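Residue numbers (UniProt numbering), protein chains in the order written: chain V, 1 to 367; chain R, 1 to 367.
Shown next, in the form of structure tokens:
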């Protein structure tokens, strides 16, 4: 956030705000703007989506006579450029989009509008909401505390950039300014590559014998979880960011070859296998902790929890009374018995206190 | 479990039980046996580990005059074969080990003992405890409801196999009989491959700019989590299972080439990208659900939770009162603001009820 303008110097978001595409993200932005008391104008190729969003109090259907201050384009990746070009031509408004990829749409837009029109366009990308879709999944709280990339181009009007940042801040998100190409390289690494690795691992499970899959633990579930996402949406995202994704996949292919050679060497450390595994350790440590700060040292506390309503409540109730903040939770899936192994991730310095206090309340912990 | 002998036909575990290697797994097995009132004899190259385990009530230090009924070898992968050979020579006991890989140690053992001695050896592998280490992490509840593979060889004495299964059942685990080679192929797929995919993705994060990593969401954290594990332990596991791991890595390399071609094609579905992504969907669906049954259809309910002690307790307290069982939980990490997006995974049929009831109690949900 250090490279963002101070909030007080930003243009005020006064509306009207036009939202093009009343799916999860568009309707959520609309709900935020309505909460601010702004006039919100809704457009969607699906009249039913507009009716649903209107029914949720997200605004009213847009009309040709509207004079929006800001247009937010929240349509599927393959439709973004066209919708932005249309909005720049229809209105004098600042226009942003919320697509997952920024460079390719910008190039397509720049080729179809005048520099004066292009100055009113500033791309952006909220890191929120990918698992759900549709206006019914929308919420004004969707962006709370999430990173939201703002990706100005060389010709972007600074006032337009400021207005988009005002929207991001009003949404409760954390603005982060990046050049479009840099944004695309960043999401290729922290989103698109992990997604594809999950897809490749999950793809190897599809045909596996049931008695092999019966040995599955939490690890394979965590690694493959995101591979359950919508293939059509991801096909559009990946093709829009093909360049950055292919660069990383090529690096991974090189790493994979080195890994295979190290495993095949069978020569212990000599194969470089430990080095490769240690680089993995370093990578997990490089991911920032909660609230953007460096990852605080945490420790996992393991507790056996009977798998029926109320037991987790009792556990968290006790943890709350004990006064230890839970940083993260994992519930281990346990083929065989209705007992869950629950992992509570807490600040390292508080772990012993939590363990002792939970044990004193009769919980079976695994030190 | 269907291919396991009925419990009542199994030889009784009466002890003494000798545990070789008083780390997490060995000490946990020892605690289970002590809980059963059995005599437990402890061996470890580290006298301090034996003292610690003894202090935890896990048994007493082994002596040369012991006559154990069962020896459980729980040493690091590279030391397993030697410890099993030693135990078969020292005693007349049934000998099992709890290593993550079965074929290579078996071959090494078979080459060094007589067929009569080998008949007393039955390998096994509890799917538990990989994140922690040392006797202080041990617990008699560690194996509750976990799969525990039993891997007899062609010459294993059926009574020896039955005794190992008795141990597994006494540990509260779910026994699953597999041939050693089949076990190794299974864990290569559901454990070793996911681990290596996480390592490769995490390896690409290590050198990334901080402003790129600042965009990290839950997806990359889940995919890379297991890459934080002990490199030395994993080097030994991977080299002991090099054959099965390399076979799968070669398959993944082929899939990766196809994926790169599909992304490069930029021709929409024609590149086969959607097919590859759909195979990922199918793979996540193939992982069995809790309690070994088919995965029940679940739905995620998202709730904004202030990030301080007691708030999660209040949420789970309300969920408990509402009477909906939480299948799984994820707490989204949120750089920027002290508000967590908590994902409650519940049975699909109960999701709407939970959403409405939580909203009526004032929670901000994300439908």
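Ideal Cβ positions, reconstructed from N, Cα and C, are used throughout, including at glycine. On a predicted model such as this, the values are computed, not experimentally measured, just so you know.
Sequence-distant residues of its chain with Cβ nearer than 6 Å to residue 135 of chain V (five each side left out): Here the question's residue 135 of chain V lines up with position 135 in the first chain. Taken in chain order, the residues that qualify are 22, 27, 49, 52, 53.
Between the CA atoms of residue 117 of chain R and residue 229 of chain V - distance to the nearest angstrom: Residue 229 of chain V sits at position 229 when you count from the first residue of the first chain. Residue 117 of chain R sits at position 117 when you count from the first residue of the second chain. Their backbone Cα atoms lie some 52 Å apart in a straight line.
Cβ shell of residue 149 of chain R (< 7 Å), same chain only, five flanking positions each side left out: Within the second chain, residue 149 of chain R is the residue found at index 149, counting from 1. If we look at residue 149 of chain R and ignore the five residues flanking it on each side, its Cβ neighbours are 124, 125, 176, 178, 183.
Enclosing alpha helix (DSSP H) for residue 234 of chain R [first to last residue]: Your numbering for residue 234 of chain R matches position 234 in the second chain. That run of the alpha helix (DSSP H) goes 231-240.
9 Å Cβ cutoff met for residue 203 of chain R and residue 280 of chain V: As a position in the second chain, residue 203 of chain R is number 203, starting the count at 1. As a position in the first chain, residue 280 of chain V is number 280, starting the count at 1. Contact flag set, yes.
Buried or exposed (CB count within 10 angstroms, at least 16 for buried), residue 92 of chain V: One-based indexing of the first chain puts residue 92 of chain V at position 92. Exposed, since its Cβ has fewer than 16 Cβ neighbours within 10 Å.
Cα-Cα separation, residue 260 of chain V to residue 231 of chain R: The residue labelled residue 260 of chain V in the question sits at position 260 within the first chain. The residue labelled residue 231 of chain R in the question sits at position 231 within the second chain. Going from the Cα of residue 260 of chain V to the Cα of residue 231 of chain R covers about 16 Å.
Residue 122 of chain R at chain V interface by Cβ criterion, 9 Å: For this step, residue 122 of chain R is matched to residue 122 along the second chain. False, the Cβ-Cβ gap to chain V never drops below 9 Å.
is_contact[residue 144 of chain V, chain R] using C-beta, thresh 9 Å: Position 144 of the first chain, counted from the first residue, corresponds to residue 144 of chain V. Taking Cβ atoms only, chain R reaches closer than 9 Å to residue 144 of chain V, which makes this a yes.
Which of helix, strand or coil DSSP assigns to residue 374 of chain R: Since the first residue of chain R shown is 1 and the last is 367, residue 374 of chain R is not available in this structure.
When R:140, R:345, R:96, R:111 are compared against residue 157 of chain R, the one with the closest alpha-carbon: Counting from 1 along the second chain, the entry for residue 157 of chain R is found at position 157. Selected option, being the one with the closest Cα: R:96.
Near the ligand GDP: residue 9 of chain R beta-carbon under 8 Å from a heavy atom: In the structure shown, the ligand GDP is absent, as is every other ligand, since no ligand is present at all.
Beta strand (DSSP E) segment containing residue 304 of chain R, residue limits: Here residue 304 of chain R is taken as the residue at index 304 of the second chain, counted from 1. From DSSP, the beta strand (DSSP E) with residue 304 of chain R extends over 298-306.
Under 9 Å between C-beta atoms of residue 224 of chain R and residue 237 of chain V: As a position in the second chain, residue 224 of chain R is number 224, starting the count at 1. As a position in the first chain, residue 237 of chain V is number 237, starting the count at 1. Going by C-beta atoms, residue 224 of chain R is not nearer than 9 Å to residue 237 of chain V.
Closer than 9 Å to chain V by CB, residue 327 of chain R: Position 327 of the second chain, counted from the start, is the residue given in the question as residue 327 of chain R. Residue 327 of chain R counts as touching chain V.
DSSP beta-bridge partners of residue 72 of chain R: What you label residue 72 of chain R is simply residue 72 of the second chain in a count that begins at 1. R:19, R:96, per the DSSP bridge assignment.
Residue 31 of chain R - containing alpha helix (DSSP H), residue span: As a position in the second chain, residue 31 of chain R is number 31, starting the count at 1. From DSSP, the alpha helix (DSSP H) with residue 31 of chain R extends over 24-35.
Cutoff 7 Å; reference residue 186 of chain R; Cβ partners in own chain excluding five residues on either side: If you number the second chain from 1, residue 186 of chain R lands on position 186. Excluding sequence neighbours, residue 186 of chain R sits near 178.
Interface residues of the region 214-238 of chain V facing chain R [CB-CB below 7 Å]: 214, 215, 216, 217, 219, 220, 221, 222, 223, 224, 225, 226, 227, 228, 231, 232, 234, 235, 238
Backbone CA spacing between residue 60 of chain V and residue 115 of chain V [nearest angstrom]: For this step, residue 60 of chain V is matched to residue 60 along the first chain. For this step, residue 115 of chain V is matched to residue 115 along the first chain. Distance between the alpha carbons of residue 60 of chain V and residue 115 of chain V is about 31 Å.
CB contact check: residue 318 of chain V to chain R, cutoff 9 Å: As a working mapping, residue 318 of chain V is identified with position 318 in the first chain. Yes, because at least one Cβ of chain R sits closer than 9 Å to the Cβ of residue 318 of chain V.
Where residue 288 of chain R meets chain V, residues with beta-carbon distance less than 7 Å: Position 288 of the second chain holds residue 288 of chain R. Neighbours of residue 288 of chain R on chain V, chain order: 213, 214, 216, 335.
Within 9 Å, strictly: CB atoms of residue 314 of chain R and residue 323 of chain V: In the second chain, counting from the first residue as 1, residue 314 of chain R sits at position 314. In the first chain, counting from the first residue as 1, residue 323 of chain V sits at position 323. Against a cut-off of 9 Å, the Cβ pair of residue 323 of chain V and residue 314 of chain R comes out as no contact.
CB of residue 170 of chain V within 9 Å of CB of residue 84 of chain V, strictly: Position 170 of the first chain, counted from the first residue, corresponds to residue 170 of chain V. Position 84 of the first chain, counted from the first residue, corresponds to residue 84 of chain V. Cβ atoms of residue 170 of chain V and residue 84 of chain V: not closer than 9 Å.
Residues that residue 163 of chain R bridges to, as DSSP identifies them: Locating residue 163 of chain R in the second chain gives position 163, where the first residue counts as 1. Answer is none; residue 163 of chain R lacks a bridge partner.
Residue-level contact to chain V via CB, residue 63 of chain R, 9 Å cutoff: For this step, residue 63 of chain R is matched to residue 63 along the second chain. No, residue 63 of chain R does not count as interfacial toward chain V.
Three-state secondary structure (DSSP) of residue 42 of chain R: Locating residue 42 of chain R in the second chain gives position 42, where the first residue counts as 1. Strand, per DSSP.
Option nearest residue 9 of chain V by Cα separation, candidates V:245, V:160, V:142, V:352: Taking the first chain and counting its residues from 1, the one referred to as residue 9 of chain V is at position 9. Of the candidates V:245, V:160, V:142, V:352, the one whose C-alpha sits nearest the C-alpha of residue 9 of chain V is V:160.
Cβ-based burial, residue 297 of chain V [other Cβ within 10 Å; buried from 16]: Here residue 297 of chain V refers to the residue found at position 297 when the first chain is read from its first residue. Looking at its Cβ environment, which holds fewer than 16 other Cβ atoms inside 10 Å, residue 297 of chain V is exposed.
Contact check, residue 141 of chain V vs residue 24 of chain V, beta carbons under 9 Å: As a first step, residue 141 of chain V must be located in the first chain, where it is residue number 141. As a first step, residue 24 of chain V must be located in the first chain, where it is residue number 24. For residue 141 of chain V and residue 24 of chain V, no; Cβs fall outside 9 Å.
Paired residues, beta bridge with residue 331 of chain V - DSSP: As a working mapping, residue 331 of chain V is identified with position 331 in the first chain. BP columns for residue 331 of chain V point to V:342.
Any chain V beta carbon closer than 9 Å to residue 9 of chain R: Numbered from its first residue, the second chain carries residue 9 of chain R at position 9. So no, residue 9 of chain R is outside the interface.
CA nearest to the CA of residue 250 of chain R, picked from V:246, V:243, V:263: The count along the second chain starts at 1 and reaches residue 250 of chain R at position 250. Residue V:263 is the option with its Cα nearest to residue 250 of chain R.
Interface residues of chain R facing residue 251 of chain V [CB-CB closer than 7 Å]: As a working note, residue 251 of chain V is residue 251 in the first chain. Simply 204.
Span of the alpha helix (DSSP H), counted from its first residue to its last, around residue 126 of chain V: For the purposes of this step, residue 126 of chain V is taken as residue 126 along the first chain, with counting starting at 1. Not the alpha helix (DSSP H): residue 126 of chain V falls in the beta strand (DSSP E), residues 123-126.
For residue 175 of chain V, the residue or residues it bridges with in DSSP: Here the question's residue 175 of chain V lines up with position 175 in the first chain. Beta-bridge pairing links residue 175 of chain V to V:148.
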